[in-house]
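So in UniProt numbering, spot 145 of the sequence shown is number 145, and the numbers just go up one at a time. Worksheet: one structure, shown below.
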Amino acid sequence: MLSRKPNHADRERRVEQDNSAAPSPAGIPAPSRQSLRGLDWFIFFLADVQTGFGPFIAVYLTTQKWTQVEIGLVLSIGGIVALIGQMPGGAIIDAAKSERLVAGLAIAAIGCCALAYAAMPIFPVVMAAATLHAAASCVLGPAIAAISLGLVGPLAIGERLGRNARFASLGNGVAAAVMGTAGYLLSSRSVFLVTFLLAIPTLIALSRIREEEVDIARCHGEMPREARDRGDTNIWHLIRQKPLIVFALSVLLLQLANAAMMPLMASAVTARSSQWATVLVAFCIVVPQAIVALLSPTVGRKAQAWGRRPLLLIGFAALTIRGLLFATVRDPYLLVAVQVFDGITAAVFAVMIPLIVADVAFGSGHFNLAQGIVGTATGIGASLSTALGGYVSDRFGNATAFIGLSGVAATGLLLILLVMPETRRTNMIPAKEMAG
């Protein structure tokens with residue numbers, strides 16, 4: 001008995017130190033293999049769950065004799081809630097005492113939404129489910145990044161985010177195949193039952209992440225405790241930072257250039273090869289997912305070795321080239337190959353968005369609010385892209401629309417090249433010292 005007490009006391013002391021110590025240049029947090037694998041599978045299954053709320057909603061509601069106006073209204077309400085909820089969602093995560101608990105509640109809510117879609121496809125229920133799903137999704141993105149940052153710390157977050165992107169991409173691909181098969185063999189309703197069931201392994205994977213290894217101060221991007229009074233935690237200081245403003249604008253341009261490309265390309269493929277359109281569009285979705293799964297970990301490692309700006313330039317250059325090729329390539333089969341550039345852009349920004357936000361918000365305690373700001377820019381850019389891209393395509397043709405979108409991407413590239421500062425940090429300098 002005497003020999004066990006010191007061991008137990010030592011264990012408690014180590015846990016207490018882990019909970020209170022901020023990362024330092026001399027040491028990077030070392031979370032357990034269980035927590036890291038739990039995060040891997042949590043992201044994988046969460047991607048599965050979220051895939052169930054993609055295009056399957058429109059297919060399912062159409063089979064339930066809904067009009068296109070009703071379907072469009074439901075999708076629009078969900079999109080509006082997702083847009084305006086980005087910053088509040090980030091603020092909720094910053095205020096939370098347990099990111100795991102908030103994420104678990106959000107997943108449970110999404111599972112209930114899927115069950116509501118399947119059980120009662122009537123307008124009030126579906127509208128409420130769409131609203132709740134959009135609101136829950138607003139906290140899940142920041143929660144994943146916060147848990148990742150809390151586990152590994154800011155010096156190792158790049159590679160961790162690359163791994164996150166890989167598992168999310170794999171989850172999306174597997175879920176699309178499973179749910180497409182279920183919808184084909186059973187019914188479109190079964191997609192939402194599968195989504196509800198997938199919430200269970202998602203919660204199990206989340207529970208594998210050890211609470212004591214997720215440092216709350218790191219989750220929120222706070223200063224080390226011994227230096228908390230430096231004045232960097234003011235929210236107005238955060239949102240006035242040049243890197244955050246420039247990066248949010250560049251992300252808006254990214255989405256303005258990118259969001260409309262896939263729908264316009266799908267329309268072009270259908271017009272040129274209607275017989276194989278569904279198969280070709282499916283390959284156009286699968287190819288970028290495969291590229292993201294392959295490249296994301298490398299992007300995370302290179303972000304620390306090269307810095308952030310070179311990778312951002314590569315991402316925007318790939319998007320610019322993709323738009324120009326879509327405007328000039330006529331063979332629908334070659335368009336599938338062009339989607340390799342989409343995969344490069346997606347791999348870069350899947351890692352860079354949360355990584356650069358972590359760089360900029362370090363020391364502020366408002367990491368997740370900063371994610372919400374960039375998320376709002378993402379939503380605005382995507383919404384404008386589909387509207388403007390569709391208008392230009394109808395008036396002037398697909399080629400003109402693609403050239404215009406490519407021009408927007410080139411503008412983003414110039415913004416990064418000429419205005420965006422490098423945000424990579426090799427030490428624990430607080431955010432105030434890197435403000436532009």
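Cβ coordinates follow ideal geometry from the N, Cα and C atoms, glycine included.
Original post:
Under three-state DSSP, which class holds S406?
Top reply: For the purposes of this step, residue 406 is taken as residue 406 along the sequence shown, with counting starting at 1. Helix at S406.
**OP:** Look at F42 and I200 and say whether their C-beta atoms are less than 8 Å apart.
**Re:** On the sequence shown, residue 42 is found 42 positions in, with the first residue counted as 1. On the sequence shown, residue 200 is found 200 positions in, with the first residue counted as 1. No; because the gap between Cβ atoms is not below 8 Å, this pair is not in contact.
Subject >> D48 versus I291, I110, F367, E70, residue with shortest Cα-Cα distance >> reply: Within the sequence shown, residue 48 is the residue found at index 48, counting from 1. The shortest Cα separation from D48 among I291, I110, F367, E70 belongs to I110.
Subject >> Completely contained alpha helix (DSSP H) runs for the region 260 to 305, where each covers 4 or more residues >> reply: 261 to 272
Original post:
At what residues does the alpha helix (DSSP H) containing G173 begin and finish?
Top reply: If you number the sequence shown from 1, residue 173 lands on position 173. 157 to 185 is the span of the alpha helix (DSSP H), which, as asked, contains G173.
Original post:
First and last residue of the alpha helix (DSSP H) that includes residue 480?
Top reply: Residue 480 lies beyond the residue range present for the chain, which begins at 1 and ends at 436; the question has no answer from this structure.
Subject >> Own chain partners of M179 with C-beta closer than 8 Å, once the 5 adjacent residues on each side are dropped >> reply: As a working note, residue 179 is residue 179 in the sequence shown. Closer than 8 Å at the Cβ level, and outside the excluded window around M179, lie T51, G52, F56, V191, V194, T195.
**OP:** Apply the 10 Å Cβ neighbour rule to R218 and answer buried if 16 or more other Cβ atoms are within range, or exposed otherwise.
**Re:** Residue numbering aside, residue 218 sits at position 218 when the sequence shown is read from its first letter. When all chains shown are included, R218 counts as buried.
**OP:** Would you mind working out which of F44, T62, V69, P88 sits nearest G375, comparing C-alpha positions?
**Re:** Walking along the sequence shown from the start, residue 375 turns up at place 375. Among F44, T62, V69, P88, the Cα nearest to that of G375 is on P88.
Original post:
In its own chain, which residues sit with a C-beta less than 7 Å from the C-beta of E422, not counting the 5 before and 5 after it?
Top reply: As a working note, residue 422 is residue 422 in the sequence shown. Same-chain partners within the cutoff: G307, R308, R309.
**OP:** Could you name the residues of the same chain whose beta carbon sits closer than 8 Å to that of M420, not counting the 5 residues immediately before and after it, in chain order?
**Re:** Walking along the sequence shown from the start, residue 420 turns up at place 420. Cβ within range, chain order: P243, V246, F247, S250, R309, L312.
**OP:** Could you pull out every residue in the same chain whose Cβ sits closer than 6 Å to the Cβ of residue 438, ignoring the five residues on either side in sequence?
**Re:** Shown here, the chain extends from 1 to 436; a query on residue 438 therefore has no answer.
**OP:** State the Cα-Cα distance for the pair I321 and V287, rounded to the nearest angstrom.
**Re:** Within the sequence shown, the letter at position 321 stands for residue 321. Within the sequence shown, the letter at position 287 stands for residue 287. When rounded, the distance between both Cα atoms is 17 Å.
Original post:
What is the residue span of the alpha helix (DSSP H) that H133 lies within?
Top reply: Along the sequence shown, read from residue 1 onward, the residue named residue 133 stands at position 133. 123 to 152 is the span of the alpha helix (DSSP H), which, as asked, contains H133.
**OP:** Specify the secondary structure class of S364 as computed by DSSP and reduced to three states.
**Re:** Locating residue 364 in the sequence shown gives position 364, counting from the first residue. It is a strand residue.
**OP:** Let me know if I204 comes out buried or exposed under the rule of 16 or more other beta-carbons within 10 Å of its beta-carbon.
**Re:** What you label residue 204 is simply residue 204 of the sequence shown in a count that begins at 1. Result: exposed.
Original post:
Is it the case that the Cβ atoms of L388 and T202 are separated by a distance below 8 Å?
Top reply: Counting from one through the sequence shown, the residue named residue 388 turns up at place 388. Counting from one through the sequence shown, the residue named residue 202 turns up at place 202. Their beta carbons are not under 8 Å apart, which means L388 does not touch T202 by this criterion.
Original post:
Among V392, R189, A277, which residue has its Cα nearest to the Cα of A61?
Top reply: Along the sequence shown, one-based indexing puts residue 61 at 61. Sequence inspection shows Leu at residue 61; the Ala mentioned does not correspond to that position. Checked all of V392, R189, A277; the closest Cα to L61 is R189.
Original post:
Cβ of Q339 versus every heavy atom of the ligand GDP: is any distance shorter than 7 Å?
Top reply: The ligand GDP is not part of this structure, which contains no ligands at all.
Subject >> Proximity winner among A277, D342, R272, relative to A290 (alpha-carbon distances) >> reply: The residue labelled residue 290 in the question sits at position 290 within the sequence shown. If we check each option's Cα against that of A290, D342 comes out closest.
**OP:** Leaving out five residues on either side along the sequence, give the residues of the same chain with a beta carbon under 7 Å from the beta carbon of residue 440.
**Re:** In the structure displayed, the chain extends from 1 to 436; residue 440 sits before or after that span and is not available.
Subject >> Burial state of M120, where buried means 16 or more other Cβ atoms lie within 10 Å >> reply: Here residue 120 refers to the residue found at position 120 of the sequence shown. Burial call: exposed.
Subject >> Proximity to residue 489 [Cα-Cα], best of L414, R424, P263 >> reply: Residue 489 lies beyond the range of the chain shown here (1 to 436); nothing can be said about it.
Subject >> Proximity of L280 and P332 at Cβ, strictly below 8 Å >> reply: For the purposes of this step, residue 280 is identified with residue 280 of the sequence shown, where counting begins at 1. For the purposes of this step, residue 332 is identified with residue 332 of the sequence shown, where counting begins at 1. In contact: L280 and P332 (Cβ atoms closer than 8 Å).
Original post:
From A146 to A370, what distance separates their C-alpha atoms?
Top reply: Translated into the one-based positions of the sequence shown, residue 146 becomes position 146. Translated into the one-based positions of the sequence shown, residue 370 becomes position 370. Their backbone Cα atoms lie some 12 Å apart in a straight line.
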